[in-house]
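Set out below in structure tokens:
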């Protein structure tokens, strides 16, 4: 009788799901291996339907195959100016999920996104001191904005424009901190849809205006949430760099068509796209086998362990 060939054991697969208020047109699935662990990663958009989002959170919390849940298209809270601001509209979502971690990406927007600046400068040898940077919203990307400031890079902040619609740019950290501490307690009481275009996708046409065209053209690097950046993207941004998070293949082609020369994403590119910070945070929590968010250093340690680095793409 012929010998039966040895069968290689198959590691059990864990599921990580991001449920988002954003467009379902950006849905994606990937199979990812971290060390000896295998993960099925899903992104599900609800096209702005909060009732569907809440129902799916209940279902995912009860699903034993789901290791961690990401929340996209909105935030639970903002960490900025050394304070935490909970959003009134989404604070209740944290109470729906009781059995596993629910993360919105805030854990990666601090120390991890700040480490992107160090990575560009120290690991890749990119000279940032000659660059001028516009952060679309520092209250949403505080770690990234402060890292540029700490590195001595000329950095401005457009929170008043992107969040409140005021055509005024903040030029220094002290003023930014004062404005955030004054405005954030009021802004987090507003419906999130007033603050962020969560329902849009890559087919949405940018809003063009001479003021925003000039704003973008004045900077070497535009950094922040991709939807904020794309919302006012002018037709010609030759030699401009974009530093952002979630990008699909269509987003990359859009940026290339606008003349962007370098795309840097704070999360790695997996199977043709970069996932949102909430997806990556949920993936790392699942990899750690935890049912709660990790510390900032915990995320950095896991990113180093699995060699997950920011993506730098020449366009």
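Residue numbers (our numbering): 6 to 320.
The C-beta atom is built at its ideal place from N, Cα and C for all residues, glycine as well.
Can you look up residue 178 in the DSSP assignment and give me helix, strand or coil?
helix
Residue 330 to residue 215, Cα distance in whole Å?
Because the chain is modelled from 6 through 320, residue 330 falls outside the range shown and cannot be assessed.
In terms of DSSP beta bridges, what is residue 25 paired with?
Looking at the DSSP assignment, residue 25 forms a beta bridge with 50 and 77.
Counting along the chain, where does the alpha helix (DSSP H) carrying residue 168 start and finish?
Per DSSP, residue 168 belongs to no alpha helix (DSSP H) and is neither H nor E.
How many angstroms separate the CA atom of residue 171 from the CA atom of residue 165?
Taking the straight line joining both Cα atoms gives about 5 Å.
Since residue 117 contacts residue 228 with CB under 8 Å, what's their CB separation in whole angstroms?
No, residue 117 and residue 228 are not in contact; Cβ-Cβ is about 14 Å, not under 8 Å.
Based on Cα-Cα distance, which residue from 226, 230 and 237 lies nearest to residue 209?
237
For residue 63, collect the residues of the same chain with a Cβ closer than 8 Å to its Cβ; drop the 5 residues on either side in sequence, then sort them by chain order.
101
Let me make sure I understand the geometry here. Which of 235, 58 and 99 has the alpha-carbon closest to that of residue 262?
The shortest Cα separation from residue 262 among 235, 58 and 99 belongs to 235.
Where do the ends of the beta strand (DSSP E) carrying residue 332 lie?
The requested residue 332 does not occur in the structure, where the chain is confined to residues 6 to 320.
Considering only their Cβ atoms, is the gap separating residue 196 from residue 94 smaller than 9 Å?
yes
Taking only runs that begin and end inside the stretch 80 to 120, name each unbroken beta strand (DSSP E) of 3 or more residues, in chain order.
82 to 85 and 88 to 91
Since residue 139 sits in a beta bridge, which residues does DSSP pair it with?
161 and 227
In terms of residue numbering, what span does the beta strand (DSSP E) encompassing residue 36 cover?
33 to 39
Tell me whether the stretch 308 to 319 and the stretch 63 to 81 touch, counting them as touching only if at least three CB pairs, one residue from each stretch, are closer than 8 Å.
no
By the three-class DSSP mapping on this structure, what secondary structure does residue 247 have?
strand
So which of 77, 66, 276 and 242 has the shortest CA-CA distance to residue 260?
242
Give me the DSSP bridge partner(s) of residue 267.
246 and 319
Helix or strand or just coil, what does DSSP make of residue 275?
strand
Can you look up residue 71 in the DSSP assignment and give me helix, strand or coil?
strand
Quick one: what's got a C-beta closer than 7 Å to residue 307's C-beta in the same chain, skipping five residues either side?
Annotation for residue 307: 289, 292 and 293 place their beta carbon closer than 7 Å to its own, counting only its chain and skipping 5 residues before and after.
Please classify residue 96: is it buried, with 16 or more other beta-carbons within 10 angstroms of its beta-carbon, or exposed?
exposed
Tell whether a beta-carbon distance below 9 Å holds between residue 46 and residue 21.
Yes.
Who are the Cβ neighbours of residue 32 in its own chain at under 7 Å, not counting the five residues just before and after it?
48, 49 and 50
Using a Cβ-Cβ cut-off of 7 Å (strictly less than) and excluding sequence neighbours within five positions of residue 181, which residues of its own chain qualify?
143, 162 and 175
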